[in-house]
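Trainee: Residue numbers (this note's numbering), protein chains in the order written: chain P, -1 to 313; chain L, -1 to 313; chain D, 396 to 676; chain R, 396 to 676.
Backbone N, C-alpha and C define an ideal beta-carbon position, used for all residues, glycine too.
Handing you this structure, nothing more for now.
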Amino acid sequence: MTGEERLRLLEEKAAELRRLAQEHDLDLSAELAVLEQKIAALKRSIYAELSPWARVQLARRPDRPSGLPFVQALCAGFYELRGDRIVGDDPALRGGFGKIGGARVALLFHQRGTTPEEQRQSRFGMASAHGYWKARRIMEVAARLRLPLLTLINTPGAYPGVQAEAHNIAGAIATCIWQMLRHPAPTVAVILGEGGSGGAVALAAADRVLMLENATYSVISPEGAASILWKDAKFAEKAAENLKLTAQDLWALGVVDEVIPEPPGGAHTDFLGTVEAVRQAVLHHLRELSTKPLDELLRLRYKRYRHVGSAGSGH
Amino acid sequence: MTGEERLRLLEEKAAELRRLAQEHDLDLSAELAVLEQKIAALKRSIYAELSPWARVQLARRPDRPSGLPFVQALCAGFYELRGDRIVGDDPALRGGFGKIGGARVALLFHQRGTTPEEQRQSRFGMASAHGYWKARRIMEVAARLRLPLLTLINTPGAYPGVQAEAHNIAGAIATCIWQMLRHPAPTVAVILGEGGSGGAVALAAADRVLMLENATYSVISPEGAASILWKDAKFAEKAAENLKLTAQDLWALGVVDEVIPEPPGGAHTDFLGTVEAVRQAVLHHLRELSTKPLDELLRLRYKRYRHVGSAGSGH
Amino acid sequence: MPIRRDKRDRYVEIEVGAPAEPLWVRCESCGELIFRRKLQENQYVCPRCGAYFFLSAPERVASLVDEGSFEELPPPRIEEDPLGFSDQVPYKERLSRARVETNLNEAVLAGRAKVQGIPVILAVMDFRFIGGSMGVGVGEILALAMERAAEERKPFVLVVASGGARVQEGVLSLLQMVKVVAARETLAQAGVPYIAILTYPSTGGVLASIGGIADVTIAEEGALIGFAGPRVIEQTTGERLPPGFQTAKFALEHGIVDAVVPRAKLKEELVRALSVLAGEG
Amino acid sequence: MPIRRDKRDRYVEIEVGAPAEPLWVRCESCGELIFRRKLQENQYVCPRCGAYFFLSAPERVASLVDEGSFEELPPPRIEEDPLGFSDQVPYKERLSRARVETNLNEAVLAGRAKVQGIPVILAVMDFRFIGGSMGVGVGEILALAMERAAEERKPFVLVVASGGARVQEGVLSLLQMVKVVAARETLAQAGVPYIAILTYPSTGGVLASIGGIADVTIAEEGALIGFAGPRVIEQTTGERLPPGFQTAKFALEHGIVDAVVPRAKLKEELVRALSVLAGEG
Ligand SMILES: [Zn+2]
Ligand SMILES: [Zn+2]
Chain P
-1 MTGEERLRLL
9 EEKAAELRRL
19 AQEHDLDLSA
29 ELAVLEQKIA
39 ALKRSIYAEL
49 SPWARVQLAR
59 RPDRPSGLPF
69 VQALCAGFYE
79 LRGDRIVGDD
89 PALRGGFGKI
99 GGARVALLFH
109 QRGTTPEEQR
119 QSRFGMASAH
129 GYWKARRIME
139 VAARLRLPLL
149 TLINTPGAYP
159 GVQAEAHNIA
169 GAIATCIWQM
179 LRHPAPTVAV
189 ILGEGGSGGA
199 VALAAADRVL
209 MLENATYSVI
219 SPEGAASILW
229 KDAKFAEKAA
239 ENLKLTAQDL
249 WALGVVDEVI
259 PEPPGGAHTD
269 FLGTVEAVRQ
279 AVLHHLRELS
289 TKPLDELLRL
299 RYKRYRHVGS
309 AGSGH
Chain L
-1 MTGEERLRLL
9 EEKAAELRRL
19 AQEHDLDLSA
29 ELAVLEQKIA
39 ALKRSIYAEL
49 SPWARVQLAR
59 RPDRPSGLPF
69 VQALCAGFYE
79 LRGDRIVGDD
89 PALRGGFGKI
99 GGARVALLFH
109 QRGTTPEEQR
119 QSRFGMASAH
129 GYWKARRIME
139 VAARLRLPLL
149 TLINTPGAYP
159 GVQAEAHNIA
169 GAIATCIWQM
179 LRHPAPTVAV
189 ILGEGGSGGA
199 VALAAADRVL
209 MLENATYSVI
219 SPEGAASILW
229 KDAKFAEKAA
239 ENLKLTAQDL
249 WALGVVDEVI
259 PEPPGGAHTD
269 FLGTVEAVRQ
279 AVLHHLRELS
289 TKPLDELLRL
299 RYKRYRHVGS
309 AGSGH
Chain D
396 MPIRRDKRDR
406 YVEIEVGAPA
416 EPLWVRCESC
426 GELIFRRKLQ
436 ENQYVCPRCG
446 AYFFLSAPER
456 VASLVDEGSF
466 EELPPPRIEE
476 DPLGFSDQVP
486 YKERLSRARV
496 ETNLNEAVLA
506 GRAKVQGIPV
516 ILAVMDFRFI
526 GGSMGVGVGE
536 ILALAMERAA
546 EERKPFVLVV
556 ASGGARVQEG
566 VLSLLQMVKV
576 VAARETLAQA
586 GVPYIAILTY
596 PSTGGVLASI
606 GGIADVTIAE
616 EGALIGFAGP
626 RVIEQTTGER
636 LPPGFQTAKF
646 ALEHGIVDAV
656 VPRAKLKEEL
666 VRALSVLAGE
676 G
Chain R
396 MPIRRDKRDR
406 YVEIEVGAPA
416 EPLWVRCESC
426 GELIFRRKLQ
436 ENQYVCPRCG
446 AYFFLSAPER
456 VASLVDEGSF
466 EELPPPRIEE
476 DPLGFSDQVP
486 YKERLSRARV
496 ETNLNEAVLA
506 GRAKVQGIPV
516 ILAVMDFRFI
526 GGSMGVGVGE
536 ILALAMERAA
546 EERKPFVLVV
556 ASGGARVQEG
566 VLSLLQMVKV
576 VAARETLAQA
586 GVPYIAILTY
596 PSTGGVLASI
606 GGIADVTIAE
616 EGALIGFAGP
626 RVIEQTTGER
636 LPPGFQTAKF
646 ALEHGIVDAV
656 VPRAKLKEEL
666 VRALSVLAGE
676 G
């Protein structure tokens, strides 16, 4: 029996006990406490030393906290902006204004959807050219209003389609990076799930980059790397190890500023707890950044990215 | 016989004399000189006090100096930029870089075309949404390079089409006006032919606005005004008078800074002379503007447009 | 003052009637005869078919602000009829008539107001006043309102209802497009938010200037949003207009507006935007 | 090193051969066997059918600059193989092989040069070097070159020939996209012009960063310009690619580039742009 199977069995037992206790008005709290301790320990042991490949699977779960429900839970009063003012509105990349801890922020985030219908509609969070042109537009609004910018990233990558190319998705991504680097207020990026290549980095050129414990951030999907470099998609697991795409590895490389812990079973087991952990981390960094004058903020932002990967960088 | 008919007759006579002189090797220079003096005097008397409606006709002539040939004659080494980077490239609104009198400038201009094929292709100078989005893009490049901006206007108006609306032509025009007002270098607009409503004003929010003597600048075509206000397009001539659309009237209203004289027969009778007159006027204003620090330039530009039409403005 | 559309949600007839106040009004869309009071209670939306009727600027103000909170800004001094324009009727006479008919001084009404307690500067255009057209007067009122908003650091809210530029003021009205964009830049310089509400109609020079570059753009459900009128497009290009062309939904689908909201929910939507955007902290 | 396309100008096969120097080369497009010297004289364009062959970075430099004017910038010190990456071949070994095969240190060559007397900073990518991919080394060379251009107030010219990011450097290569955009901003701050020349191929993370935001963008006639490769698009979306998809002409028609120029006219085009843009006065 695998760890996950034993876990499921224990969880079923606990549910049964709870039902019994309620139906027959019994006090089984002691028994339940013991069982719940066992469950927690088992979860810890299962998820503590997850392989990169296992984290890739966790990061891709459709029930992973992200998208509009996440933003609505994170903010007091999210107000959405739609449309790039030129081509259309992309449901895969969303944005607007919200208040976090009383402060106004502009937000940009990927929408993957949880139901098949939602996922189809938002193309699993793969934003097209007009999604990134919209992001540019929203960044411009945020710049005018001097609002801090918060991005929440969860995408397999930018959408590879004919219309996307016709509307210059490459230029749109480059423009988003550029606009983020010039943003006249603090910027924080949080990678919630999958941080897939160009589609992720377009929203990740921030003053601070945070990652959830089981999120990934990579130049290419492990499957893609496997089929290009090993000429066989079956080497995805091996590619995942080589790519150093976990939060822990990226923290060690100095690419990520903070790893936000997830509950033992993964973020999807505790939506509100995850939201709260992200809120606290974001507020902490926004507060720190807000003490810096704008010119210093821009100078530090430039320095950070100018030297990424150069000898001597990292923690 | 009308003045124009007499003029044509005299010009035919002069041509005949020249042919005779050449074919038979005769010296007819004295006779020709007298005839040419008569022609010049007649032209002056015909064009000196043209009615607004007559100027509307002159401004619309397809052989009126403007567009790409004008820019190529005006500049040393015009280099064209194409495309809005999102939707496409509009042949009706063109732009790029050139040198005038040794100085680098960015240019934007309408292309009407002279042959029917050219006119069809550039929609008679009616630019669509992507034309104005391209203009925005070129203004952004010019702003980065701190280049003065010169616009050469000759359009019946923005293109009224389904695709233009779908790509937000209204927002594109508004954005061009906004971008011109923020341009971090001197800006000069020259109305060469027709300055038709929103399609013209999108490129006319400049530090200095110049007009050729027989150019027009109007909120609506005389025909449009006639059919809306008089419910009859036949009142176009009357509308033209009421609209105060001539260079002379607009100079008196303080909307235009300089009226550039045309040769007696109209700009189309002397392409290179018109180019040279425009070049001198543009250089004069650019030189004057270049002495002002940027913040004063922007302050004066704001003031000019903030108070247009308010009590006490004008010459 | 009903707004008519054809069955494919395209052609639109604008009728600005006399300011008579009959007890009963006929809905041009469904033919229903509606008790005027009832129509008013329903915010001038036909209770039977949902068709939108025009709202006057004072009615629109009342529908959006906290009761009694609207305080009009002092009107600017401007030179009227700068061109001495005369068509079938002298422009001065048109102005006088519009003033009598609407009980307004110009095609826009601007003032300080509170929206669910949030202080704003609000400007509302009135289509009944020479088609809500923008001449020097409208440009001046809008520019003053935006400058006030920038100074007082209050969000600027504009309700657009305009056919475009005021033809009778010639190029001076065209240049009001530049004036209002210049004033809009002072809002940006001050970091003050600007919310536009596009209604029926939002077209021409007003959409192609101040109406087209808000931070947040909300379309009322019954809005017409476009640069050129449907007739002009058909006549100039011979193109067939697609169903729903230039409707609020069309604008949303083409990325031109942030939301489409029924009239009854407009205040709620505005409050949602303002409560996130207003205030420094 | 021929570039192949199908008859509808779509599918493209990339073949980076060994650096052998046979006397004769076969054109994969028309089958012609061409004398190598002849091909070289024709700037690696098939004299029979006009198909484009790859140009190495040194060949490209020679084709654009005044003879003898190129002076390479000192190479940056960087940590190689930062992730200790190994697939079928360790990354270090791939690097060594590429260096031997190309006689280059990295996939880009940057230096000072003169183009018809106009001083520029020129960077040229080389597709033979691990697909012209951008890792830390390429990012660093490009960033240094742009900083030099900003300092010396010389136009920056970049010839793109890249399949995208260097996969073997993981996220560090992804973040080179940000690095080069940051350096591009220093050019903008200095008001120094940046001209990009897109060749075959200009794709992925290089096009979606430094390649996509030049002041002037010139496409070589044989270029492939796009974010995602044609195969990826077909496999992910099931879409049929239109004829001429992602060609230089496609990019021009969609407003993505300023000009399409045959290889033989590229220097002339560059001179035209530079002579207008270079210099302060
Ligand atoms: Zn009805
Ligand atoms: Zn061949």
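1. Strictly below 7 Å CB to CB, what residues from chain P border residue 525(D)?
2. What residues match up with residue 332(P) in a beta bridge as DSSP calls it?
3. By alpha-carbon positions, which one of 437(D), 432(D), 442(D), 436(D) ends up nearest to residue 426(D)?
4. Anything with a beta carbon under 6 Å from a heavy atom of ligand 2 counts; list them all in chain order.
5. Using the C-alpha atoms, what's the distance from residue 629(R) back to residue 636(R)?
6. Cβ of residue 708(D) less than 9 Å from any chain L Cβ?
7. According to the neighbour-count rule (16 or more other Cβ atoms, all chains shown, within 10 Å of its Cβ), is residue 10(L) buried or exposed?
8. So residue 459(D) and residue 665(D) are in contact, right, with Cβ under 8 Å, and what is the actual spacing, rounded?
9. With 9 Å as the threshold, decide whether the Cβ of residue 170(L) is near any Cβ in chain P.
10. Could one say the Cβ of residue 568(D) lies closer than 9 Å to chain L's Cβ atoms, at least one of them?
11. Report yes or no: do the stretch 585 to 596 of chain D and the stretch 90 to 101 of chain L share at least 3 C-beta pairs separated by less than 8 Å?
12. Kindly confirm or deny that the stretch 563 to 578 of chain D and the stretch 638 to 654 of chain D touch, where touching means at least three C-beta pairs closer than 8 Å.
13. Of the residues that make up the stretch 647 to 665 of chain D, which ones have a beta carbon closer than 8 Å to any beta carbon in chain P?
14. For the beta strand (DSSP E) that contains residue 260(P), what are its first and last residues?
15. Could you tell me whether the stretch 149 to 161 of chain P touches the stretch 179 to 199 of chain P, where touching means 3 or more Cβ pairs closer than 8 Å?
16. How would you list, in chain order, the residues of chain L whose beta-carbon sits under 9 Å from the beta-carbon of residue 84(P)?
17. Taking DSSP as the reference, what is the three-state secondary structure of residue 156(P)?
18. Using a beta-carbon distance cut-off of less than 9 Å, what residues from the stretch 534 to 559 of chain R approach chain B?
19. Relative to the C-alpha of residue 548(D), which residue among 672(D), 450(D), 418(D) is closest?
20. Just the C-alpha distance for residue 114(P) and residue 65(P), rounded to the nearest angstrom, thanks.
21. Name the two residues that bound the continuous alpha helix (DSSP H) containing residue 142(L).
22. Under 8 Å, with one C-beta from each stretch per pair, do the stretch 204 to 216 of chain P and the stretch 129 to 143 of chain P reach the 3-pair mark?
23. What are the residues that DSSP puts in a beta bridge with residue 352(D)?
24. Considering residue 300(L), what are the terminal residues of the beta strand (DSSP E) in which it resides?
25. Considering residue 557(D), what are the terminal residues of the beta strand (DSSP E) in which it resides?
26. In the DSSP output, which residue or residues are listed as bridge partners for residue 419(D)?
27. On the DSSP bridge assignment, give the partners of residue 564(D) in chain order.
28. Span of the alpha helix (DSSP H) holding residue 496(R)?
29. What residues from chain R crowd round residue 277(L), counting only those whose CB sits closer than 7 Å?
30. Three or more C-beta pairs under 8 Å: does that hold for the stretch 647 to 662 of chain R against the stretch 72 to 80 of chain L?
31. Scan the stretch 599 to 619 of chain D for residues whose Cβ lies nearer than 8 Å to a Cβ of chain L and list them as they occur along the chain.
32. How would you call residue 1(P), buried or exposed, if buried means at least 16 neighbouring beta carbons within 10 angstroms?
33. Mind checking whether residue 253(P) and residue 566(R) have CB atoms under 9 Å apart?
34. Among all the DSSP beta bridges, which residues are the ones paired with residue 78(L)?
35. I think residue 516(D) touches residue 540(D), with their Cβ atoms under 8 Å apart; what is that distance to the nearest whole Å?
Mentor: According to the structure data:
1. What residue 525(D) touches in chain P: nothing, since even the nearest Cβ is about 29 Å away.
2. Limits of chain P in this structure are -1 at one end and 313 at the other, which puts residue 332(P) out of reach.
3. 442(D)
4. 422(R), 424(R), 425(R), 427(R), 441(R), 443(R), 444(R), 446(R)
5. 7 Å
6. Nothing can be reported for residue 708(D): it is not among the residues displayed for chain D, which extend from 396 to 676.
7. exposed
8. 6 Å
9. yes
10. yes
11. no
12. no
13. 647, 648, 649, 650, 651, 652, 653, 654
14. Run containing residue 260(P): none; DSSP gives neither H nor E here.
15. yes
16. 82, 84, 85, 127, 128, 131, 165, 166, 169, 170
17. coil
18. In summary, chain B is missing from the structure at hand, where the protein chains are P, L, D and R.
19. 672(D)
20. 15 Å
21. 127 to 142
22. no
23. With chain D represented from 396 up to 676, any question about residue 352(D) goes unanswered, as that position is not in the structure.
24. That residue, residue 300(L), is in no beta strand (DSSP E); its alpha helix (DSSP H) goes 292 to 304.
25. 551 to 557
26. 430(D)
27. Beta-bridge pairing links residue 564(D) to no other residue.
28. 486 to 497
29. Chain R residues near residue 277(L): none, gap ~16 Å exceeds 7 Å.
30. yes
31. 599, 600, 602, 603, 604, 605, 606, 607, 608
32. exposed
33. yes
34. 94(L)
35. 5 Å
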